[in-house]
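Asker:
Residue numbers (the numbering used here), protein chains in the order written: chain A, 122 to 409; chain B, 8 to 358.
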């Protein structure tokens, strides 16, 4: 019974982490059709943006919720202006350029920080159910993910910016006739996606450890979550996270964590064979 | 269509250069350079596999590293178990080919778009990386071969003369074996691309819908092309494993996949010679950069990739070729300098 409770918490936690680390990518890919292969490096920058201020004495929460998203968001805006802007509509070239960007950021961070793993101590303590203990940070991750998804939904659905952003993505010519500046909307959207990635990296940092090459571990997972989700960015990401997270954690429970990850990736390939449009191509079509 | 039509002058030049390279280099170059070139030969084969499937088949694959590594691992495991290299050599190419065909079936018959294809091939490569990285335990052994996790498989027997295990290839001999393999792949691809199959494949790349309406089964053509590319990559992997007599999961990592793409993009997509030059040039560059500590190799490779995509999107070989033609045209030497392929292309465009 205790084991069951702990396992359920772990499954939900894994689902939440998947959704959290994919949401930034979902915004950039889902809205702008930009394949951002530097997404893993955005997460990594977010993690460093927590590590460095925290080591300098800034309170953890300030660096996690303000510095990390802000820093990575600004980096995202700069990258959009310098590189992505010139490549809209050339999907393959964007993919290659962001891939180069990913290598460049890893290289630069390795030169600055060295190829060593650094850690941030996990806040909160642990909780116990019966004889079993686990970290309370899991509840924190789950809660934050729920809040982030909810806020993203509200912003996209009910605010003026959300409306303008969705309109620009659907028909940028029409939007521009109506007085919207599409380049500005693209820049802002890319920046928001990057900021969300930064926040995700910041929240995952205490669990995963911080390393210049840490992004590589997440990029495949984030991509298959977003692509498995399909057209509707928020619903899709949430549905795919539930699906992949459950498969991953269940397999891990019965075998080992490596088999769990392999099962996740295999499940993704099969899913895309059966539903080439992703989950929301068939189900929850009216989602956002 | 540049570089496609069997232009005799270019073919002759390529043949002469490759024979010269294989004969002259071993006479003049010191041993360590010979070793290094042998490595670049195997990389160039790998580059050709991506050049073929991406440049001519129009299918962007992140997964050539997977077939490369799979070929290497298969060769390693079988040759350790069997001693002789003949059967392992064949299986190490057949197995990745079958795997590529199977993966191609899943992807092309599922009609996935090119971007999803890229991600799936990437994911497959990462599965191999992850799985083989965690095979350090004693239970992961196939016959006498220990998979060894991130420590890799050491002491892989070299290629030997079929039927005679005592006559095996020394590192000097590997130079010739890998070199001849590269030449065969290069000319084989030129032949393939000028055949009916190759022309159809290029037709599909140019306009998939049109090819389909003309009655070609696009899915089948793409699947077969993907299988061929897998076979070529596997051959490169076997050469690499022989060169190293060692293999570890790094052949499957993101850096490896990145390198292949950079070779092809920098050298020039939709040429065959460009990616070979790219593999050599960037191999040498990576070696030089590896000797110093101040600048990280990834930083340079990433910067090169971004700059090429933004400013030289066709890659260097086609761009330089075009610049030469432009220069010749402006100086009025064009008639004498124009080779037959360009003439054909010009006529094709005018007509």
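Where a beta carbon is used, it is the ideal one built from N, C-alpha and C, also for glycine.
Where do the ends of the beta strand (DSSP E) carrying residue 248 of chain A lie?
Answerer: Here the beta strand (DSSP E) through residue 248 of chain A covers 247–250.
Asker: Among B:149, B:206 and B:74, which residue has its Cα nearest to the Cα of residue 135 of chain B?
Answerer: When each option's Cα is compared against that of residue 135 of chain B, the closest is B:74.
Asker: Of all Cβ atoms in chain C, is any one closer than 8 Å to the Cβ of residue 242 of chain B?
Answerer: The structure shown contains no chain C; the protein chains it does contain are A and B.
Asker: Any idea which residues DSSP pairs residue 152 of chain B with across the strands?
Answerer: In DSSP, residue 152 of chain B forms a bridge with B:149.
Asker: Here's the rule I'm using: 16 or more other beta-carbon atoms within 10 Å means buried, otherwise exposed. How should residue 343 of chain B be labelled?
Answerer: Low local confidence applies: a pLDDT of 48 at residue 343 of chain B is under 50, so the model's placement there is unreliable, with the coordinate-based value given in what follows. It counts as exposed.
Asker: By DSSP, does residue 302 of chain B sit in helix, in strand, or in coil?
Answerer: Of the three classes helix, strand and coil, the one that applies to residue 302 of chain B here is coil, per DSSP.
Asker: Looking only at its own chain, which residues have a Cβ that is under 8 Å from the Cβ of residue 175 of chain B, when we skip the five neighbours before and after it?
Answerer: The answer, listed in chain order, is 92, 164, 165, 166, 167 and 168.
Asker: For a test of the three-state rule: what should DSSP assign to residue 301 of chain A, helix, strand or coil?
Answerer: Of the three classes helix, strand and coil, the one that applies to residue 301 of chain A here is coil, per DSSP.
Asker: How about residue 325 of chain A: is its C-beta nearer than 8 Å to some C-beta of chain B?
Answerer: Judged by the 8 Å Cβ criterion, residue 325 of chain A is not in contact with chain B.
Asker: Cutting at 8 Å between CB atoms, please list the residues of its own chain near residue 286 of chain B, excluding the five before and the five after it.
Answerer: Correct list, in chain order: 47, 50, 51, 53, 54, 270 and 274.
Asker: Listed from N- to C-terminal order along the chain, which residues in the segment 293–316 of chain B have their beta-carbon within a distance smaller than 9 Å of any beta-carbon of chain A?
Answerer: Those residues of the segment 293–316 of chain B that come within reach of chain A (Cβ to Cβ, closer than 9 Å) are 301, 302, 303, 304, 305, 306, 307, 308, 309, 310, 311, 312, 313, 314, 315 and 316.
Asker: Anything in chain A within Cβ reach of residue 117 of chain B, meaning under 9 Å, just list it in chain order.
Answerer: 393, 394, 395 and 397, listed in chain order.
Asker: Tell me the residue span of the beta strand (DSSP E) that contains residue 255 of chain A.
Answerer: Start and end: 253–256.
Asker: Within 8 Å of any Cβ in chain A, is that where the Cβ of residue 209 of chain B sits?
Answerer: Not closer than 8 Å to any Cβ of chain A, the Cβ of residue 209 of chain B fails to qualify, so no.
Asker: Would DSSP call residue 371 of chain A helix, strand or coil?
Answerer: Helix, per DSSP.
Asker: Out of curiosity, what's the CA-to-CA distance linking residue 317 of chain B and residue 188 of chain A?
Answerer: Roughly 31 Å between the two C-alpha positions.
Asker: Can you tell me whether residue 72 of chain B is buried or exposed? The criterion is at least 16 other CB atoms within 10 Å of its CB, across all chains shown.
Answerer: Residue 72 of chain B should be labelled buried.
Asker: Taking only three categories from DSSP, how would you classify residue 344 of chain B?
Answerer: Low confidence applies to residue 344 of chain B: its pLDDT is 46, below 50, so where it sits in the model is not reliable, and the reading given next is rough at best. Note: residue 344 of chain B maps to helix in three-state DSSP.
Asker: Could you tell me which uninterrupted beta strand (DSSP E) segments, each at least 3 residues in length, are contained entirely in the segment 270–356 of chain A, listed from first to last along the chain?
Answerer: With a minimum length of 3 residues, no continuous beta strand (DSSP E) run stays inside the segment 270–356 of chain A.
Asker: Please determine if the segment 292–302 of chain A and the segment 177–196 of chain A are in contact, where contact requires at least 3 C-beta pairs separated by less than 8 Å.
Answerer: Flag = no, the segment 292–302 of chain A and the segment 177–196 of chain A do not touch.
Asker: Flag this pair as yes or no: are the beta carbons of residue 217 of chain A and residue 322 of chain A separated by less than 8 Å?
Answerer: Contact: no.
Asker: Tell me the rounded alpha-carbon separation between residue 354 of chain B and residue 191 of chain B.
Answerer: Residue placement at residue 354 of chain B cannot be trusted, given a pLDDT of 45 that sits under 50; the coordinates are not used to answer.
Asker: Can you check whether the C-beta of residue 140 of chain A is within less than 8 Å of a C-beta belonging to chain B?
Answerer: It does not; no Cβ of chain B falls within 8 Å.
Asker: For a test of the three-state rule: what should DSSP assign to residue 259 of chain B, helix, strand or coil?
Answerer: Here residue 259 of chain B sits in helix by DSSP.
Asker: Out of curiosity, what's the CA-to-CA distance linking residue 490 of chain A and residue 245 of chain A?
Answerer: Outside the displayed range of chain A (122 to 409) lies residue 490 of chain A, so it cannot be described from this structure.
Asker: Can you grab the Cα-Cα spacing for the pair residue 139 of chain A / residue 82 of chain B, in whole Å?
Answerer: Taking the straight line from one Cα to the other gives about 37 Å.
Asker: Helix, strand or coil: which one does DSSP assign to residue 323 of chain B?
Answerer: If DSSP states are grouped into helix, strand and coil, residue 323 of chain B belongs with the helices.
Asker: Let me know if residue 199 of chain A comes out buried or exposed under the rule of 16 or more other beta-carbons within 10 Å of its beta-carbon.
Answerer: Looking at its Cβ environment, which holds fewer than 16 other Cβ atoms inside 10 Å, residue 199 of chain A is exposed.
Asker: Assuming contact is defined by CB atoms lying nearer than 8 Å, are residue 313 of chain A and residue 148 of chain A in contact in what I supplied?
Answerer: Yes, the Cβ-Cβ distance between residue 313 of chain A and residue 148 of chain A is below 8 Å.
Asker: Quick one, are the C-beta atoms of residue 255 of chain A and residue 133 of chain A less than 8 Å apart?
Answerer: Not a contact, by the Cβ cut-off of 8 Å.
Asker: Between the C-alpha atoms of residue 203 of chain A and residue 162 of chain A, what's the straight-line distance to the nearest angstrom?
Answerer: Roughly 17 Å separates the two Cα atoms.
Asker: Give the straight-line distance between the Cα atoms of residue 276 of chain B and residue 184 of chain A, rounded to the nearest whole angstrom.
Answerer: Looking at the two C-alpha atoms, the distance is approximately 44 Å.
Asker: Tell me residue 239 of chain A's beta-bridge partners as DSSP assigns them.
Answerer: For residue 239 of chain A, which the question treats as bridged, DSSP gives the partners A:331.
Asker: Please state whether the Cβ-Cβ distance between residue 250 of chain A and residue 137 of chain A is less than 8 Å.
Answerer: Against a cut-off of 8 Å, the Cβ pair of residue 137 of chain A and residue 250 of chain A comes out as no contact.
Asker: Report the partner residues of residue 167 of chain B according to the DSSP bridge assignment.
Answerer: Partner(s): B:175.
Asker: Note down the Cα distance separating residue 202 of chain B from residue 105 of chain B, rounded to an integer number of angstroms.
Answerer: Distance between the alpha carbons of residue 202 of chain B and residue 105 of chain B: 23 Å.
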